[in-house]
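Residue numbers (the numbering used here): 355 to 694. In what follows, a single structure is set out as structure tokens and then discussed.
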């Protein structure tokens, strides 16, 4: 019986030799590809680890050099500032990891050097640092005040800001998506094309402090959808439908109080229920916040430029009326202005 079975098996193999040969070749190719890809992945990982280690060493050397300069310096303040600014700029240009960039900024802040990010220093012929173009996604910054700094094409997505204040920053194409604000402020900014989707305001600090989060800021063609007062998911899951609705009404009241303290919301995307709540709570003030003529006055547009500026703003507002339209326009803006 066994001999008969072996003979049949041999006959089948003989008749399907070509198929089996092709299958064996394919399997060999697949295994070779998997092996090569695994080797390539390991090499890439090792290279990245070496690259990060080198950048960590550069940060450590910078901290040591600046610390020594501050402690041992016998030069004038202006010369020390030029040294720190030049070293910082060179280091920023060499860093590819957001966490390392954040460490450098935090180090400067801990030594009361964040005033070096003030762009108005150029008015008195002093060098300044800039946050423009920095990738600070997924980092934690705390206890820092940035005065009139540049937030051009800055990416802060998924970051945690604790007691961080941006006071009168120059803000264009900045990404604050899913940022957690803990007693942090975005004051007096002109946020032109900013992404503030899903920003969470922590329930820390006082009610008045939360209300001042965006005080005197202008949001122009910005995305404020998903703006919320932070609460834990476990807390929300334990509430009934009616309790969730009541909680949302309280949240809408808090959010509207924040946005009523802004200068303008022209062309910006906000949630429908928040828009409706604000419109019902103070119709005249909300109309002013979304009014184009009010924005043109805020921008102090010259009479000669009014017609063209009015036309440009209206056309942009039509394109970004819905969130999905805004996202498409936002991606185009980033590609044009922010990609290197």
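All residues carry an ideal CB built from backbone N, CA and C; glycine is no exception. Please read all numbers here as calculations on a predicted model, not as lab measurements.
- Of the residues assessed, residue 442 falls on the buried side of the cut-off, its CB having 16 or more other CB atoms within 10 angstroms.
- Beta-bridge partners assigned by DSSP to residue 599: none are found.
- Judged by beta-carbon spacing, residue 493 lies within the 8 angstroms limit of residue 456, meaning their Cβ atoms are closer than that value.
- Separation of residue 502 and residue 519 (C-alpha to C-alpha, rounded to the nearest whole angstrom) is 10 angstroms.
- Residues of the same chain with a CB within less than 6 angstroms of the CB of residue 427, apart from the 5 flanking positions on each side, are 434 in chain order.
- Across the structure, residue 686 and residue 692 are spaced so that their CA atoms are roughly 10 angstroms apart.
- Taking every protein chain shown into account, the CB of residue 415 has fewer than 16 other CB atoms within 10 angstroms, so this residue is exposed.
- For the pair residue 491 and residue 509, the CB atoms are nearer than the 8 angstroms cut-off.
- With respect to the 8 angstroms criterion, residue 574 and residue 545 are classified as neighbours on the basis of their beta carbons.
- For the beta strand (DSSP E) assignment, the uninterrupted runs of no fewer than 3 residues enclosed by the segment 441–513 are, from N- to C-terminal side, 494–501, 504–506.
- In the three-state DSSP reduction, residue 605 falls in the helix class (H, G or I).
- In the same chain as residue 595, and ignoring 5 residues on each side of it, no C-beta atom comes closer than 8 angstroms to its own.
- A direct Cα-Cα distance of roughly 45 angstroms separates residue 651 from residue 420.
- If you draw a straight line from the Cα of residue 614 to the Cα of residue 690, it comes to about 32 angstroms.
- Apart from the 5 residues on each side of it in sequence, residue 439 sits with its Cβ closer than 8 angstroms to the Cβ of 470, 481, 482, 483 in its chain, given in chain order.
- In the displayed model, residue 564 falls within a helix according to three-state DSSP.
- Counting along the chain, residue 546 sits inside the beta strand (DSSP E) bounded by residues 544–546.
- Here residue 581 carries a coil assignment [DSSP, helix/strand/coil].
- In the DSSP assignment, residue 526 falls within the beta strand (DSSP E) that extends over 524–526.
- Within the same chain, Cβ atoms closer than 8 angstroms to the Cβ of residue 498 are found at 459, 460, 463, 468, 517, 518, 519, the five residues on either side in sequence being excluded.
- Residue 413 sits away from residue 444, with the two beta carbons spaced by 8 angstroms or more.
- For the pair residue 667 and residue 643, the CB atoms are not nearer than the 8 angstroms cut-off.
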